[in-house]
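Colleague:
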Amino acid sequence: MARVVLPEDSAKEISELIDVLISLFFESLPRRDQRNWARVYLNGLVRTNGKKTIRNIAGTGASSVEQSLQQFISKSPWDWTPVRRSLAQHIERTAQRPLAWVVQPMVIEKAGDRSVGVGRQFVPQLGRTANCQQAGGIWLASSEASFPVEWTLTLPGPWTSELLRRRRAGIPDTARSLTPAQDAVHAVQRMAATWQLQRRPVVMEVSNTDLPQCIESFTLQDIPFVFKVDGSLPVSFGGSGRHKPGPHTAPARELIDSLRSQRRVVEWTRHGRAEGAVTLLTSASILATAGEDRPAPAPATPLLLVGAWTEAALLPSEFWITNIGDRPLAQLFLLAKLTDRVSLDFAETCEPVGIRDFEGRSFRGWHHHATLASVAHAARLLGSAGARLPDPAALPYQGPTRPRPPAVLPPRPLIPGQAPRRAYIR
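For the sequence shown, our numbering gives the first residue as 45, with consecutive numbering after it.
(1) Assign N367 to buried or exposed, taking buried as 16 or more other Cβ atoms, counted over all protein chains shown, within 10 Å of its Cβ.
(2) For N80, which of helix, strand or coil comes out of DSSP?
(3) Could you check if K96 is buried or exposed, using at least 16 other CB atoms within 10 Å of its CB as the buried criterion?
(4) Could you tell me the distance, in whole angstroms, from the CA atom of L439 to the CA atom of P149?
(5) Which term fits K119, buried or exposed, when burial requires 16 or more other beta carbons within 10 angstroms of its beta carbon?
(6) Leaving out the 5 sequence neighbours to the left and right, which residues in its chain are closer than 6 Å to K56 when beta-carbon positions are compared?
(7) Taking the Cβ atom as the reference point for each residue, do R400 and V90 lie within a distance shorter than 8 Å?
(8) Are the Cβ atoms of S327 and V350 separated by less than 8 Å?
(9) Among G163, W195, P224, L347, whose alpha-carbon lies nearest the alpha-carbon of V279?
(10) Does the Cβ-Cβ distance between D254 and A225 come in under 8 Å?
(11) Please state whether DSSP places K272 in a helix, a strand or coil.
(12) Excluding the 5 residues preceding and the 5 following D63 in the sequence, name in chain order all residues of the same chain whose CB lies nearer than 6 Å to its CB.
(13) Buried or exposed: where does R172 fall if 16 or more other Cβ atoms within 10 Å of its Cβ makes it buried?
(14) Taking a contact to mean a Cβ-Cβ separation below 8 Å, would you say V386 touches W183 in this structure?
(15) DSSP has S329 in a bridge; who is on the other side?
(16) List the endpoints of the continuous alpha helix (DSSP H) containing V176.
(17) L382 to G181, Cα distance in whole Å?
(18) Just the C-alpha distance for I58 and Q78, rounded to the nearest angstrom, thanks.
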């Protein structure tokens with residue numbers, strides 16, 4: 045895709061904004077030189093033309109700068125989690141109050157086999173097998189803007205089972221080989237438990253095989269979700285009363301199509317477009333379906349299956365499963381469509397600041413680069429929106445190692461569209 049080049053005035057303004065963001069988000073870095081290299085790297089992500097490699101950011105003839113950036117990104121042991129947590133807390137508090145946490149897959153195709161996590165694997169987003177890294181971003185998304193705040197990198201089996209490969213990439217002992225969906229679920233659970241954020245519905249696409257575990261994991265932690273599923277998914281329904289024998293099982297597409305007479309019309313505007321769209325929606329109460337190797341949750345989790353038709357379609361084309369039972373269908377649909385908002389911001393902002401461009405081979409380096417690209421993404425969006433950030437000199441000194449409060453779940457927020465007596469989505 046074409047790279048966006050900022051006008052000089054805009055780039056200067058965002059560079060000044062980056063100075064503020066360094067003070068806000070990188071306080072956990074104990075040394076001044078680390079914070080300075082973070083500033084250099086962020087400015088490079090925003091202002092460098094072409095691919096955002098360390099060599100291009102350092103510039104020609106600047107071997108000492110390149111070596112220092114290489115050390116800072118790939119070898120320096122600074123922890124990326126406090127930076128991401130501070131970014132998320134700031135976005136939620138002052139920039140755009142998010143409506144959902146959206147999980148966005150990211151595929152990075154590679155020519156070689158040495159980049160951490162790379163391997164030949166089937167990629168649903170591509171519909172084919174590719175030599176690539178599979179990653180995922182967790183975005184705080186509103187209808188106006190979205191921001192990546194957490195990242196996962198999926199590790200194929202050889203990267204965790206082969207000791208030499210694991211050591212060369214610096215993969216932590218705690219890292220395991222999971223599916224992209226499982227990696228995302230674990231990341232959401234950590235955010236919900238320890239990041240002191242208001243809980244929002246989690247919107248993500250889930251395969252039929254991953255669905256039972258995803259439902260169970262979020263149900264146990266009381267996390268609301270909207271999962272996009274395939275129409276072939278078997279779902280259980282009925283059996284709740286004397287005149288409803290069952291339960292029955294049928295593909296999601298078949299159950300939704302049988303309810304076409306109950307469809308409701310929703311008019312909405314697609315993200316990034318001026319023209320309106322019309323969608324027809326219907327829903328059915330279902331029960332969680334057990335996976336092949338795991339029993340159904342006990343007691344069975346009540347869920348809602350939502351199906352959508354485009355205006356001229358004969359058959360339903362999109363399907364979601366949610367545990368949010370007290371919101372109008374139109375609101376659930378608009379939550380689900382926040383994935384379009386994220387896709388737009390990924391293409392227009394996150395890719396131009398180089399989220400896919402890291403060429404290093406270490407696990408730590410990949411996560412450092414993804415963290416800095418997330419802050420660069422925020423700088424671009426906040427700078428273009430003219431957001432006013434607090435003066436760091438006016439903030440009380442908190443120190444690089446201030447203690448964090450115990451991991452306590454945040455208060456349940458009032459969700460737009462709900463009455464005060466229902467302050468939390470279940």
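A virtual CB, placed ideally from N, CA and C, is assigned to each residue, including glycine.
Modeller: From the atom records:
(1) buried
(2) helix
(3) buried
(4) Caution is warranted here: a pLDDT of 43 is assigned to L439, below 50, making its placement in the model unreliable, and the coordinate value is therefore given only provisionally. Roughly 36 Å separates the two Cα atoms.
(5) exposed
(6) none
(7) no
(8) yes
(9) L347
(10) yes
(11) strand
(12) none
(13) exposed
(14) yes
(15) L348
(16) Checking the sequence, you will find Cys at residue 176 rather than Val. Premise fails: C176 lies in the beta strand (DSSP E), 172 to 185, not in any alpha helix (DSSP H).
(17) 14 Å
(18) 20 Å
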